[in-house]
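Keeping their order, the protein sequence lines are chains D and C. Heads up, the working numbering is the position in the first sequence plus 432, with the first residue counted as 1. Heads up, the working numbering is the position in the second sequence plus 9, with the first residue counted as 1. A short write-up of the structure that comes next.
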Amino acid sequence: MTTLIDMRPAGSAPEPDDAPRPIRRSLSLADRVFRGSTTGIGAVVLVVIAAVGVFLGLQLVPTLHHYGLHFFTEHQWNPQLNILGISAVLIGTVEVAIIAILFSFPLALLTALYISEYAPSWLRASLVAMVDLMAAIPSIIYGVWGYFLINPHALYLSRWINEYLGWIPLFHVQGGDPRAAIFTPSAYGQSPFIAGMVVSMMVIPLACAVMLGVFQQAPISEREGAYALGSTRSGMIRTVVLPFGRGGIVGGTMLALGRALGETVAVLLILSPVFDIKLRPLENGGITTASLIANYSGDATSGQLSALLAAGFVLFAMTIVVNTLAAMIVTRSRSGAQTEI
Amino acid sequence: MSAFASTDQPDVRRTGSPDVQPAGTSQAAGDSSDRPRAVTARTSDYWLTLAGSLIGSLGLVWLLYEEILPFSGWIGFVASWYVAYLAMFAIVTAIVHKPLIVVDRLWAAIITGAAGIVGLALVSTVGYTVIRGSAAVHHLNFFTQSESSANPQTAPLTQGGIKNAIFGSLIELGIATAVSLPLGIGTAVYMVEVGGRFARVVRTVVEAMTALPDILAGLFIYTFLILALGVQKSGFAAGMALSVMMLPIIARSADVALRVVPGGLREASLALGATQWRTVWRVVLPTQRAGLATAVILGMARAVGETAPVLITSGASTFLTFNPFSNPMNSLPLYIFTAVRSPNPKFIERGFAAGIVLLAMVLILFGAARFLSRQKVGRR
Chain D
433 MTTLIDMRPA
443 GSAPEPDDAP
453 RPIRRSLSLA
463 DRVFRGSTTG
473 IGAVVLVVIA
483 AVGVFLGLQL
493 VPTLHHYGLH
503 FFTEHQWNPQ
513 LNILGISAVL
523 IGTVEVAIIA
533 ILFSFPLALL
543 TALYISEYAP
553 SWLRASLVAM
563 VDLMAAIPSI
573 IYGVWGYFLI
583 NPHALYLSRW
593 INEYLGWIPL
603 FHVQGGDPRA
613 AIFTPSAYGQ
623 SPFIAGMVVS
633 MMVIPLACAV
643 MLGVFQQAPI
653 SEREGAYALG
663 STRSGMIRTV
673 VLPFGRGGIV
683 GGTMLALGRA
693 LGETVAVLLI
703 LSPVFDIKLR
713 PLENGGITTA
723 SLIANYSGDA
733 TSGQLSALLA
743 AGFVLFAMTI
753 VVNTLAAMIV
763 TRSRSGAQTE
773 I
Chain C
10 MSAFASTDQP
20 DVRRTGSPDV
30 QPAGTSQAAG
40 DSSDRPRAVT
50 ARTSDYWLTL
60 AGSLIGSLGL
70 VWLLYEEILP
80 FSGWIGFVAS
90 WYVAYLAMFA
100 IVTAIVHKPL
110 IVVDRLWAAI
120 ITGAAGIVGL
130 ALVSTVGYTV
140 IRGSAAVHHL
150 NFFTQSESSA
160 NPQTAPLTQG
170 GIKNAIFGSL
180 IELGIATAVS
190 LPLGIGTAVY
200 MVEVGGRFAR
210 VVRTVVEAMT
220 ALPDILAGLF
230 IYTFLILALG
240 VQKSGFAAGM
250 ALSVMMLPII
260 ARSADVALRV
270 VPGGLREASL
280 ALGATQWRTV
290 WRVVLPTQRA
300 GLATAVILGM
310 ARAVGETAPV
320 LITSGASTFL
330 TFNPFSNPMN
340 SLPLYIFTAV
350 RSPNPKFIER
360 GFAAGIVLLA
370 MVLILFGAAR
380 FLSRQKVGRR
């Protein structure tokens, strides 16, 4: 008694020389080596990458053992007195990243809209290349540009905001009276505001490229449909392109946020390190996690080093969460693998 | 009102030219007699309103800003000019047209202005570096001598150079590429061709790690290789830090490149009796050779400019060294970082000149990637 089911049509007689060749499920030796070695490479990469996270995460144990939970609430980072805490650092990190997003979100969105909807078609390919090029420019170049060119000019913008909106605590600047007889530029320069402004230039191409990708996929029939109903171009953008690209807009912005959280060199160059919890972004001084690590890892004792690694782990956790969310949102809005012959 | 149809119609590019949007133009491309009528997007009414508003707002803002109100500074001037231009443009349009068109034109002006700001930022970034660095970069000794041959703080620009930093960058980049190229592409092949549940785990982790802040890659190598294993601060350590950065980038873009290889090609090869290994080696990888090269080169362009990982892993030497294992090694980003932080204007100038060299390296890599990716389109 067999369990095979005869799939042939009932009428056809079985022909003796048309028997199916035997199909082996086992792979050939070459394929087994191939699959084994690529799986090995994948495993190695997974181990290396996961090691970074685990290695950083493990440092939380000695850090918390040594500094206690005050590590999260203490705002000073004073290696001489061995008082280390990351509350000011974390707040500074988020502050700079949020300022960067406030600048980069509208600029990236509008630039993506310009390239996909308004730019003449002969110019469009070059503009897309420019966005890619902007993403490829090293962050040290942006940092130097921000330090030497933006900082001396942007502090007047800070003073202007402080002059008219200084009564709001957020825009207050200590030691920088805009109506003082002698203007003190140092009170306004090298502030989280300016650092965030420069970081925004670095994350704009990232967000812009993601948004551009989804805008260009907006279905042509719906665009034409909107025009056929008498819509203007801005009306078409509002009713077709933006709703279609919502996932890309949110996802691209979050990708930019993830990058802004971890930006090191530009912030290190521009922001003068001050370890206070202060929500006055226009005022000189501040600190972020990445610039803290770059500043202090060189001459740290082993206990302080594990504290730095723990701070790095907190940063790592923040960027991972932001980026995973962003990736989920972007992939949900469009699928990558579509091409089939 | 006919102005509605004539002024603000979209131009015909969406349905007209097949080279722009291949997806929606399949019918139009094949039939040459059925060309869409040419709709001029802009009328003279539009251009005159635009020019009039630009000039009028310039004059108004000039009068108010420079002569009457107590303001100064060209940034504030340009900003007020733009705002006044938007207002004037809207008002002049509203005299003739419906509110719908006023809104449309206003949005167009705002969007174009924002794109202009971003373009200006890009141009000023590159331009400022080139202008500030041009004094030092055109001396030949800048490329043929090392830092050790003259003190960069005091020596004139005709002495000393950055040969050691250039070679240091190239060596570190070479090490990073040698490590991450086989691992990255191997991982991509595994994720696409072998697949399975474990591959999905690998893909999730790789995608998450593209977000790894660059400083953490350096910190990991610093504590693991240098402190725990006792490797010196050296070019090798810096190269490893860069490869930790590069690996997820290469793996991810190679994954995207391999995923668009048509499944039909694979099946055809397998149906001809090829093993999976031969299919990958002879069909899948050659099909996406350009895409894979682009992935690697873009990873290299990213790595060559990374400062933060190098900052804490390589150390800095002022002399030329080709041994990445035993000596500290300088590199271009690190040199720039040291130079611009010094109070000495000569040294800062040298830093900007090194910035030009670094930008040129990135541009060459970027251009190579563009060239290769364009070839891919041409061959299809």
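Every residue, glycine too, gets a C-beta built ideally from N, C-alpha and C.
Terminal residues of the alpha helix (DSSP H) in which residue i lies
i: VAL476(D); result: 461-490
i: GLY531(D); result: Checking the displayed sequence, the identity of residue 531(D) turns out to be Ile instead of Gly. Element bounds for ILE531(D): 519-545.
i: VAL682(D); result: 678-694
i: TRP554(D); result: 553-568
i: LEU149(C); result: From DSSP, LEU149(C) is part of no alpha helix (DSSP H); its letter is neither H nor E.
i: ASN583(D); result: 583-597
i: ALA732(D); result: It is not in any alpha helix (DSSP H) - ALA732(D) carries neither H nor E in the DSSP assignment.
i: GLU654(D); result: 652-660
i: SER723(D); result: 721-728
i: PHE504(D); result: 502-505
i: LEU73(C); result: Unbroken run through LEU73(C): none, as it is neither H nor E.
i: MET338(C); result: That residue, MET338(C), is in no alpha helix (DSSP H); it is neither H nor E in DSSP.
i: SER89(C); result: 83-105
i: GLU715(D); result: Unbroken run through GLU715(D): none, as it is neither H nor E.
i: TRP577(D); result: 571-577
i: SER632(D); result: 624-647
i: LEU301(C); result: 298-313
Contact list for residue i against chain D, beta-carbon separation under 9 angstroms
i: GLN285(C); result: LEU459, SER460, ALA462, ASP463, PHE466, ARG467
Chain D contact residues for residue i, given Cβ-Cβ distances below 8 angstroms
i: TYR199(C); result: THR470, THR471, ILE473, GLY474
i: ASP418(C); result: What the structure shows of chain C is the stretch from 10 to 389, and residue 418(C) is not part of that stretch, so it cannot be assessed.
i: VAL305(C); result: Near VAL305(C) there are no residues of chain D at all, since even the closest Cβ is about 14 angstroms away, more than 8 angstroms.
Rounded straight-line distance, which links the Cα of residue j to that of residue i
i: GLN168(C); j: LYS710(D); result: 47 angstroms
i: ALA37(C); j: ILE652(D); result: Residue placement at ALA37(C) is poorly supported in this model, since its pLDDT is 41, which falls under 50; the coordinates are not used for a value here.
i: HIS106(C); j: ILE547(D); result: 26 angstroms
i: ASP40(C); j: ALA217(C); result: Low per-residue confidence applies at ASP40(C): pLDDT is 47, beneath 50, and the placement is therefore not dependable enough to give any value.
i: PRO624(D); j: VAL635(D); result: 16 angstroms
i: TYR620(D); j: TRP592(D); result: 10 angstroms
i: TYR344(C); j: ALA99(C); result: 51 angstroms
i: ALA93(C); j: PHE356(C); result: 43 angstroms
i: GLY628(D); j: LEU251(C); result: 25 angstroms
i: VAL528(D); j: LEU693(D); result: 8 angstroms
i: PRO452(D); j: ALA280(C); result: 15 angstroms
i: GLU76(C); j: VAL366(C); result: 45 angstroms
i: ILE104(C); j: LEU72(C); result: 24 angstroms
i: LEU587(D); j: ILE626(D); result: 8 angstroms
i: ASP28(C); j: LEU737(D); result: Model confidence at ASP28(C) stands at a pLDDT of 40, short of 50, so the residue's coordinates are unreliable; what they give is reported in the following sentence. So the two alpha carbons sit approximately 56 angstroms from each other.
i: GLU654(D); j: VAL672(D); result: 7 angstroms
i: PHE537(D); j: GLY684(D); result: 9 angstroms
i: ALA561(D); j: ILE572(D); result: 21 angstroms
i: ARG764(D); j: GLN649(D); result: 14 angstroms
CB contact flag (residue i, residue j, <7 angstroms)
i: THR543(D); j: ALA124(C); result: yes
i: ALA378(C); j: ILE306(C); result: yes
i: LEU541(D); j: ALA551(D); result: no
i: VAL101(C); j: SER62(C); result: yes
i: VAL697(D); j: ALA220(C); result: no
i: ASN594(D); j: LEU714(D); result: yes
i: SER158(C); j: ASN173(C); result: no
i: LEU131(C); j: MET643(D); result: no
i: VAL349(C); j: GLY360(C); result: yes
i: MET255(C); j: ALA312(C); result: yes
i: LEU301(C); j: ALA263(C); result: yes
i: GLY667(D); j: ASN755(D); result: no
i: LEU740(D); j: SER729(D); result: yes
i: SER66(C); j: TRP90(C); result: yes
Amino acids of chain D, ordered along the chain, whose beta-carbon sits closer than 7 angstroms to that of residue i
i: ILE110(C); result: THR664
i: THR102(C); result: Correct list: empty, because the minimum Cβ distance to chain D is about 12 angstroms.
i: TRP116(C); result: SER666
i: VAL214(C); result: LEU478, ILE481, ALA482
i: TYR231(C); result: SER729
i: VAL292(C); result: Per Cβ cutoff of 7 angstroms: no residues; VAL292(C) is ~13 angstroms from chain D at best.
Short CB-CB distance (under 7 angstroms) between residue i and chain E
i: MET629(D); result: Chain labels in this structure do not include chain E; the protein chains are D and C.
Neighbour list for residue i in chain C, Cβ cutoff strictly below 8 angstroms
i: GLY694(D); result: ALA220, LEU221, PRO222, ASP223, ILE224, LEU225
Interface residues of chain C facing residue i [CB-CB closer than 7 angstroms]
i: LEU507(D); result: The sequence shown places His at residue 507(D), not Leu. Result: empty, since nearest Cβ-Cβ is about 21 angstroms, beyond 7 angstroms.
- Task: For the region 190-259 of chain C, list the alpha helix (DSSP H) runs that are entirely contained and at least 4 residues long, ordered along the chain.
- Result: 206-218, 223-230
- Message: Just to confirm the assignment: which complete beta strand (DSSP E) runs, minimum length 3, are found wholly within the region 110-164 of chain C?
- Response: none
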